[in-house]
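Engineer:
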Amino acid sequence: MDNSRVAIFRFVSKKLCSNLWKIIKRKLLRIMRIMRIARMSLMSDFAPRWEKHPGNAHQFDVTTIKAESSELSGKTLFALGSSITWGYASGGQALGEYLAQRFNLHLIKDAVNGTSIAGDASDTYVARLKKHNHHTDSPDMFLIQLSTNDVWQGFNEDDVITSIREMIAYIEQEWNVPIVFYTNTHFDNEQYAQTVSALQDVCKQKSRCSLINLWNNVSLNNVTANQLKLYMYDNIHPTRAGYMTWWGPEVARQLLLIDALVCRN
Numbered sequence: 001m002d003n004s005r006v007a008i009f010r011f012v013s014k015k016l017c018s019n020l021w022k023i024i025k026r027k028l029l030r031i032m033r034i035m036r037i038a039r040m041s042l043m044s045d046f047a048p049r050w051e052k053h054p055g056n057a058h059q060f061d062v063t064t065i066k067a068e069s070s071e072l073s074g075k076t077l078f079a080l081g082s083s084i085t086w087g088y089a090s091g092g093q094a095l096g097e098y099l100a101q102r103f104n105l106h107l108i109k110d111a112v113n114g115t116s117i118a119g120d121a122s123d124t125y126v127a128r129l130k131k132h133n134h135h136t137d138s139p140d141m142f143l144i145q146l147s148t149n150d151v152w153q154g155f156n157e158d159d160v161i162t163s164i165r166e167m168i169a170y171i172e173q174e175w176n177v178p179i180v181f182y183t184n185t186h187f188d189n190e191q192y193a194q195t196v197s198a199l200q201d202v203c204k205q206k207s208r209c210s211l212i213n214l215w216n217n218v219s220l221n222n223v224t225a226n227q228l229k230l231y232m233y234d235n236i237h238p239t240r241a242g243y244m245t246w247w248g249p250e251v252a253r254q255l256l257l258i259d260a261l262v263c264r265n
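Throughout the sequence shown, residue numbering follows UniProt numbering, covering 1 to 265 in sequence.
As structure tokens, then:
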């Protein structure tokens with residue numbers, strides 16, 4: 001076989017392999033989405049026996065949080081996310097409720113268990129966000145959870161960041177208010193780590209976009225095994241203790257700084 005035929009053979013083989021991989025990838029993603037839908041149909045609103053977890057004892061109930069006056073008081077916070085925003089392992093009490101109680105905020109909450117940022121499903125962050133507009137809601141600030149579900153559902157970093165940019169553009173168009181993203185504390189997943197880094201770069205390019213990076217917060221993640229058992233139902237979902245005594249105070253601290261910075265500008 002001469003060189004030209006070899007080159008043609010290699011080109012055709014490479015093209016066929018590339019196209020075949022794209023077809024396989026699309027089919028795998030479709031299967032994963034079907035599995036997610038099936039799993040969600042079986043998933044209750046809350047984690048099994050969540051109320052029996054020590055981290056959900058009455059002492060960690062959001063109503064025990066003492067309200068304080070701040071520049072955030074009286075403002076409206078729009079919390080957008082999935083199970084972590086919903087409070088899947090904490091009976092529906094999550095960061096939004098903590099912040100609303102502590103700072104006397106009005107809370108708009110759009111949270112659906114198992115949902116992703118990216119994708120073409122009807123319940124993605126983007127799809128749900130676009131059901132709201134400046135006629136239906138008047139938020140002063142958005143608090144958006146960087147979902148872990150995109151990782152499990154096969155979406156890559158580029159998919160997620162593209163959808164995040166779409167959300168930012170929509171919020172700027174409809175409300176032009178500060179947008180604050182927040183991450184999980186650290187767990188073992190390299191793809192989530194890469195997405196956190198990419199989101200940080202996106203927020204640096206936007207004057208009204210901020211990231212509360214719990215993932216890379218060394219001091220926050222420096223907890224004992226016993227503390228972690230109290231704070232977390234599993235490696236993803238916090239208990240009420242996790243929200244009220246671990247994540248919440250740090251998010252509140254940074255949110256006050258972000259609000260002060262936005263007001264100065």
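All C-beta atoms, glycine included, are put in the ideal place defined by N, C-alpha and C.
Considering Cα atoms alone, identify which of A89, S70, Q145 is closest to F181.
Structural biologist: F181 has its Cα closest to that of Q145, out of A89, S70, Q145.
Engineer: Check whether the Cβ atoms of E250 and L214 sit closer than 9 angstroms, and answer yes or no.
Structural biologist: A contact, by the Cβ cut-off of 9 angstroms.
Engineer: Going by the CB atoms, is the gap between L105 and K75 shorter than 9 angstroms?
Structural biologist: It is a contact, given that the beta carbons lie within the stated cut-off.
Engineer: Pick out whichever of R49, L77, E71, L95 has its Cα sitting closest to the Cα of L238.
Structural biologist: According to the sequence displayed, residue 238 carries Pro and not Leu. Selected option, being the one with the closest Cα: L95.
Engineer: Let's test the definition: count the other Cβ atoms within 10 Å of the Cβ of E97 and tell me whether it reaches 16, buried, or not, exposed.
Structural biologist: Buried.
Engineer: Please report how far the alpha carbon of P178 lies from the alpha carbon of R208, in whole angstroms.
Structural biologist: C-alpha separation (whole angstroms): 5 angstroms.
Engineer: Near I164, what residues of its chain come up, given a Cβ to Cβ distance below 7 angstroms and the 5 sequence neighbours on each side ignored?
Structural biologist: These residues qualify, in order along the chain: I117, L199, V202.
Engineer: When we look at the beta-carbon of V126 and count the other beta-carbons within 10 Å, is it buried (16 or more) or exposed?
Structural biologist: The residue in question, V126, is buried, as its Cβ has 16 or more Cβ neighbours within 10 Å.
Engineer: Count the other C-beta atoms from every protein chain shown that fall within 10 angstroms of the C-beta of M40, then say buried if there are 16 or more, exposed otherwise.
Structural biologist: At M40, the pLDDT of 44 sits below 50, so the modelled position is not reliable; the number obtained from the coordinates is stated separately. Answer is exposed; the Cβ neighbour count stays below 16.
Engineer: Just curious, the alpha helix (DSSP H) that G96 is in, first and last residue?
Structural biologist: Looking at the DSSP string, the run of the alpha helix (DSSP H) that includes G96 is 95-103.
Engineer: Can the beta-carbon of S83 be found less than 9 angstroms from the beta-carbon of R240?
Structural biologist: Not in contact: S83 and R240 (Cβ atoms no closer than 9 angstroms).
Engineer: Over the uninterrupted beta strand (DSSP E) stretch that includes T85, give me the two end residues.
Structural biologist: No beta strand (DSSP E) holds T85; the alpha helix (DSSP H) holding it covers 83-86.
Engineer: Hey, quick one: how far does the alpha helix (DSSP H) through D137 stretch, first residue to last?
Structural biologist: Element bounds for D137: n/a, residue is neither H nor E.
Engineer: Specify the secondary structure class of F60 as computed by DSSP and reduced to three states.
Structural biologist: Residue state, collapsed to three classes: helix.
Engineer: Grab me the residues of residue 298's own chain with a C-beta within less than 6 angstroms of its C-beta, minus the 5 sequence neighbours each way, in chain order.
Structural biologist: The requested residue 298 does not occur in the structure, where the chain is confined to residues 1 to 265.
Engineer: Of all the options R102, E172, G87, which has the alpha carbon lying nearest to the alpha carbon of S73?
Structural biologist: Cα-wise, what sits closest to S73 is R102.
Engineer: Is the beta carbon of W86 sitting closer than 9 angstroms to the one on T185?
Structural biologist: For W86 and T185, no; Cβs fall outside 9 angstroms.
Engineer: Rounded to the nearest angstrom, what separates L20 and G114 at their Cα positions?
Structural biologist: Each residue's Cα considered, the two are about 29 angstroms apart.
Engineer: Under 6 angstroms Cβ to Cβ from Q254, same chain only, skipping five residues before and after it: list those, please.
Structural biologist: For Q254, where only same-chain residues beyond five positions count, the Cβ hits under 6 angstroms are I212.
Engineer: Is it buried or exposed for I160, if we count other Cβ within 10 angstroms and need 16 for buried?
Structural biologist: Correcting the residue type first, residue 160 is Val in the shown sequence and not Ile. It counts as buried.
Engineer: Quick check on DSSP: helix, strand or coil for D159?
Structural biologist: Helix.
Engineer: Since A47 and Y233 should fall inside the 8 angstroms C-beta cutoff, what is the C-beta to C-beta distance between them, to a whole number of angstroms?
Structural biologist: Right, the Cβ-Cβ distance comes to about 6 angstroms (below 8 angstroms), so this counts as a contact.
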